[in-house]
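Asker:
Numbering (UniProt numbering), first residue to last: 1 to 571.
(1) Does DSSP classify residue 110 as helix, strand or coil?
(2) Counting pairs of beta carbons, one from the stretch 83-98 and one from the stretch 204-223, are three or more of them closer than 8 Å?
(3) With a threshold of 16 other CB atoms inside 10 Å of the CB of residue 507, please say whether the residue is buried or exposed.
(4) Going by DSSP, name the residue or residues bridged to residue 69.
(5) Measuring alpha carbon to alpha carbon, tell me which of 84, 89, 173 and 105 ends up nearest residue 139.
(6) Measuring alpha carbon to alpha carbon, tell me which of 249, 300 and 307 ends up nearest residue 271.
(7) Identify, in the order they occur along the chain, each residue of the same chain with its Cβ nearer than 8 Å to the Cβ of residue 361, setting aside the five sequence neighbours on each side.
(8) Measure how close the beta-carbons of residue 493 and residue 530 come, nearest whole angstrom, since I'm counting them as under 8 Å.
(9) When the distance is taken between beta carbons, is residue 286 closer than 8 Å to residue 238?
(10) Using the C-alpha atoms, what's the distance from residue 484 back to residue 495?
(11) Could you tell me whether the stretch 54-69 touches the stretch 96-108, where touching means 3 or more Cβ pairs closer than 8 Å?
(12) Whose C-alpha, out of 80, 546, 61 and 257, is nearest the C-alpha of residue 124?
(13) Output the distance between the C-alpha atoms of residue 442 and residue 178, rounded to the nearest integer angstrom.
(14) Report all residues from its chain with a CB closer than 8 Å to the CB of residue 37; omit the five preceding and five following residues, and keep chain order.
(15) Please work out which residues of its chain come closer than 6 Å, Cβ to Cβ, to residue 466, disregarding the five sequence neighbours upstream and downstream, and give them in chain order.
(16) Per DSSP, residue 148 forms a beta bridge with which residues?
(17) In angstroms, rounded to a whole number, what distance separates the CA positions of residue 557 and residue 359?
(18) Of the residues 214, 159 and 464, which one's Cα is nearest the Cα of residue 185?
(19) Using three-state DSSP, classify residue 297 as helix, strand or coil.
(20) Below 8 Å on the Cβ atoms is my contact criterion, and I expect residue 575 with residue 504 to pass it. Report the Cβ-Cβ distance as a whole number of Å.
(21) For the pair the stretch 295-303 and the stretch 340-356, tell me if three or more CB-CB distances fall below 8 Å.
(22) Is the beta carbon of residue 303 sitting closer than 8 Å to the one on residue 291?
(23) Let me know if residue 276 comes out buried or exposed under the rule of 16 or more other beta-carbons within 10 Å of its beta-carbon.
(24) Name the two residues that bound the continuous beta strand (DSSP E) containing residue 80.
(25) From residue 327 to residue 52, what does the alpha carbon distance come to, in whole angstroms?
(26) Any idea what DSSP makes of residue 554, helix, strand or coil?
(27) Within the same chain, show all residues whose beta-carbon is closer than 8 Å to that of residue 322, passing over the 5 residues directly before and after it, in chain order.
(28) Check whether the stretch 201-212 touches the stretch 241-251, counting contact only when three or more Cβ pairs, one atom from each stretch, lie closer than 8 Å.
(29) Apart from the five residues on each side of it in sequence, which residues of its chain come closer than 7 Å, Cβ to Cβ, to residue 592?
(30) Return the CA-CA distance between residue 156 and residue 162, expressed in angstroms with no decimal places.
(31) Under DSSP, the beta strand (DSSP E) around residue 179 begins and ends at which residues?
(32) Alpha carbon to alpha carbon, how far is residue 116 from residue 62? Give it in angstroms, no decimals.
(33) On the DSSP letters alone, give me the boundaries of the alpha helix (DSSP H) that residue 359 sits inside.
(34) Using a 10 Å radius around the Cβ and a threshold of 16 neighbouring Cβ atoms, would you call residue 83 buried or exposed?
(35) First and last residue of the alpha helix (DSSP H) that includes residue 536?
(36) Are residue 337 and residue 316 touching if we call contact CB-CB under 8 Å?
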């Protein structure tokens with residue numbers, strides 16, 4: 001058994017050896033200082049902070065320490081506290097200590113990693129640091145060992161600010177530079193990757209966010225000598241990408257914080273005009289999803305003004321497209337078509353065939369929703385032809401999906417299923433799990449509408465599993481909503497209410513006000529059937545308030561439902 005363990009260690013060292021060699025070359029002085037600290041520190045609570053920005057370099061450093069000739073008399077125990085919900089560090093350390101088989105012939109040194117996740121980048125007084133500051137004195141008895149806290153520099157800065165009493169106990173700070181190979185890896189993975197964010201699983205999205213956060217430190221506009229303006233464009237771009245990544249996980253507040261910080265950095269710098277337009281565009285998408293339509297339009301208009309001024313026609317076309325989406329969703333069809341046509345004219349002029357296909361696709365949706373089915377099919381077919389010609393399989397799958405929607409809505413169920421299955425086959429082949437989840441959801445709708453309840457539930461559950469895996473919280477809420485409808489129709493009211501409540505919780509958390517209104521309305525009607533008229537009317541009124549604010553035509557239906565419930569309550 002020991003030889004097998006040694007073999008695994010050797011494999012780990014061999015795997016990390018290139019990173020270790022590179023890391024040592026740029027950090028010889030810092031490593032020497034850290035080794036001296038570890039050697040001379042007493043076997044009691046002593047706190048050292050290791051500033052290191054990337055997990056890759058952190059892991060390399062830990063391997064160096066574990067196998068360094070100067071550390072033969074040291075027993076290192078690594079405690080990984082990477083939960084973003086961690087609050088009580090001392091309790092977590094004490095729990096880990098109880099699991100460690102301490103070698104009495106060696107000095108135990110605890111290495112703490114992962115705290116940056118609970119410390120966070122934004123907001124005041126993180127709970128984990130409030131508690132750390134409060135229980136500082138208790139560490140001396142409950143953790144009688146030297147501690148090395150490995151943290152990126154932003155987390156160290158926040159720790160010093162929000163846990164000053166604990167910070168005052170530091171016995172050493174050791175700053176390590178990032179190896180260029182590590183930085184290149186992060187840039188390729190997080191900034192220059194061609195992998196579609198929406199189809200990444202949650203763990204991969206979290207890794208991208210983690211790399212972006214750490215890259216942010218490397219491209220800070222300040223260093224110890226002064227301002228580094230040349231890093232500003234890259235830093236702003238990283239913040240923009242962070243915002244997009246957070247939004248993909250439904251972390252709206254973090255997304256907005258990142259995008260607003262990016263916007264602040266651009267100021268009125270004309271050299272940053274293009275990235276500013278992109279940030280404003282992303283803020284427009286964020287606020288549109290929150291139902292803050294006027295704010296979304298304001299951001300899109302600012303983005304549009306910049307793209308027009310600097311001649312960024314592709315960016316202009318993208319923003320016109322998003323403005324069209326807003327007006328289509330609010331029922332202003334003519335305005336939506338105008339914007340789509342303007343976007344289409346640009347994509348045709350500059351030869352952006354992929355963008356042209358996307359706009360034709362969106363125009364088709366408008367005509368389909370307006371009941372002009374033949375015109376919609378014409379646009380879908382044009383979009384499909386372009387996507388097939390340029391090999392855009394993702395676009396092809398999306399258009400086949402929408403053609404299926406049309407045929408489902410016109411009652412041609414077999415044709416709809418055929419198109420859905422074709423779309424599903426492509427998404428499975430190219431790994432587009434996001435579109436696959438939507439297609440499974442819609443196939444479930446078809447089977448639900450044709451009374452094949454078991455088949456519908458099976459497809460909904462498959463869709464739900466994918467959405468949970470990739471962190472598509474908005475999509476998850478939609479599928480929970482549909483499952484609730486099924487159980488409502490089969491008379492399983494308690495199960496239906498449970499699914500609606502789960503859906504509602506998500507929609508409230510991510511700010512999906514339009515979806516929230518729909519779920520509140522359904523819950524209100526179900527609760528009325530159970531005789532809970534007060535809660536029913538409360539939910540229905542909340543739904544009505546939202547729909548009136550959104551100027552939705554569904555407001556009248558909810559108003560009628562309120563009147564019916566009031567009449568039932570009075571009887």
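Every residue gets a Cβ at the ideal spot worked out from N, C-alpha and C, and that includes glycine.
Answerer: Well, looking at it:
(1) Here residue 110 corresponds to residue number 110 of the chain shown, with the count starting at 1. In the structure shown, residue 110 sits in a strand (DSSP, three-state: E or B).
(2) no
(3) The residue you call residue 507 lines up with position 507 of the chain shown. Counting Cβ neighbours within 10 Å, residue 507 comes out buried, since at least 16 surround it.
(4) Position 69 of the chain shown holds residue 69. The partner list for residue 69 (beta bridge, DSSP) is empty, contrary to what the question assumes.
(5) Residue 139 sits at position 139 when you count from the first residue of the chain shown. Out of 84, 89, 173 and 105, 89 has the C-alpha closest to the C-alpha of residue 139.
(6) Walking along the chain shown from the start, residue 271 turns up at place 271. When only C-alpha atoms are compared, the closest one is 307.
(7) Here residue 361 refers to the residue found at position 361 when the chain shown is read from its first residue. Here the set comprises 379, 380, 383, 395, 398, 399 and 402.
(8) One-based indexing of the chain shown puts residue 493 at position 493. One-based indexing of the chain shown puts residue 530 at position 530. Their Cβ separation, rounded to whole angstroms, is 7 Å, which keeps residue 493 and residue 530 in contact under 8 Å.
(9) Locating residue 238 in the chain shown gives position 238, where the first residue counts as 1. Locating residue 286 in the chain shown gives position 286, where the first residue counts as 1. Not in contact: residue 238 and residue 286 (Cβ atoms no closer than 8 Å).
(10) The residue labelled residue 495 in the question sits at position 495 within the chain shown. The residue labelled residue 484 in the question sits at position 484 within the chain shown. One C-alpha to the other measures close to 7 Å.
(11) no
(12) Within the chain shown, residue 124 is the residue found at index 124, counting from 1. The residue with the shortest Cα to Cα distance from residue 124 is 257.
(13) The residue labelled residue 442 in the question sits at position 442 within the chain shown. The residue labelled residue 178 in the question sits at position 178 within the chain shown. Looking at the two C-alpha atoms, the distance is approximately 47 Å.
(14) For this step, residue 37 is matched to residue 37 along the chain shown. Excluding residues within five positions, the ones whose Cβ falls inside 8 Å are 48, 171, 172 and 174.
(15) Here residue 466 corresponds to residue number 466 of the chain shown, with the count starting at 1. Excluding positions up to five away in sequence, the list reads 433 and 437.
(16) Taking the first residue of the chain shown as 1, we reach residue 148 at position 148. According to DSSP, which records beta bridges pairwise, residue 148 is partnered with 48 and 111.
(17) Counting from 1 along the chain shown, the entry for residue 557 is found at position 557. Counting from 1 along the chain shown, the entry for residue 359 is found at position 359. Between residue 557 and residue 359, the C-alpha separation is close to 32 Å.
(18) Taking the chain shown and counting its residues from 1, the one referred to as residue 185 is at position 185. Nearest option by C-alpha distance: 214.
(19) Here residue 297 refers to the residue found at position 297 of the chain shown. Helix, per DSSP.
(20) The structure shown does not extend to residue 575, since the chain is modelled only from 1 to 571, so the question has no answer here.
(21) no
(22) Translated into the one-based positions of the chain shown, residue 303 becomes position 303. Translated into the one-based positions of the chain shown, residue 291 becomes position 291. Cβ atoms of residue 303 and residue 291: not closer than 8 Å.
(23) Along the chain shown, read from residue 1 onward, the residue named residue 276 stands at position 276. The residue in question, residue 276, is buried, as its Cβ has 16 or more Cβ neighbours within 10 Å.
(24) As a working note, residue 80 is residue 80 in the chain shown. Counting along the chain, the beta strand (DSSP E) containing residue 80 begins and ends at 74-80.
(25) Counted from its first residue, the chain shown places residue 327 at position 327. Counted from its first residue, the chain shown places residue 52 at position 52. Residue 327 and residue 52: Cα-Cα distance of roughly 47 Å.
(26) Here residue 554 refers to the residue found at position 554 when the chain shown is read from its first residue. The answer is coil: DSSP assigns residue 554 none of H, G, I, E or B.
(27) The residue labelled residue 322 in the question sits at position 322 within the chain shown. So the list reads 281, 284, 285, 288 and 300, once near-sequence residues are dropped.
(28) yes
(29) Any answer about residue 592 is impossible in this case: the structure gives the chain only from 1 up to 571.
(30) As a first step, residue 156 must be located in the chain shown, where it is residue number 156. As a first step, residue 162 must be located in the chain shown, where it is residue number 162. Straight-line Cα distance between these residues: approximately 10 Å.
(31) Within the chain shown, numbered from 1, the residue matching residue 179 stands at position 179. Per DSSP, residue 179 belongs to no beta strand (DSSP E) and is neither H nor E.
(32) As a first step, residue 62 must be located in the chain shown, where it is residue number 62. As a first step, residue 116 must be located in the chain shown, where it is residue number 116. Those two C-alpha atoms are separated by around 17 Å.
(33) Numbered from its first residue, the chain shown carries residue 359 at position 359. Segment 353-369, the alpha helix (DSSP H) holding residue 359.
(34) Sequence index remark: in the chain shown, residue 83 carries index 83 (1-based). Exposed, by the Cβ-count rule.
(35) Residue numbering aside, residue 536 sits at position 536 when the chain shown is read from its first letter. Residue 536 -> alpha helix (DSSP H) spans 533-549.
(36) For the purposes of this step, residue 337 is taken as the residue at position 337 of the chain shown. For the purposes of this step, residue 316 is taken as the residue at position 316 of the chain shown. Not closer than 8 Å, so no.
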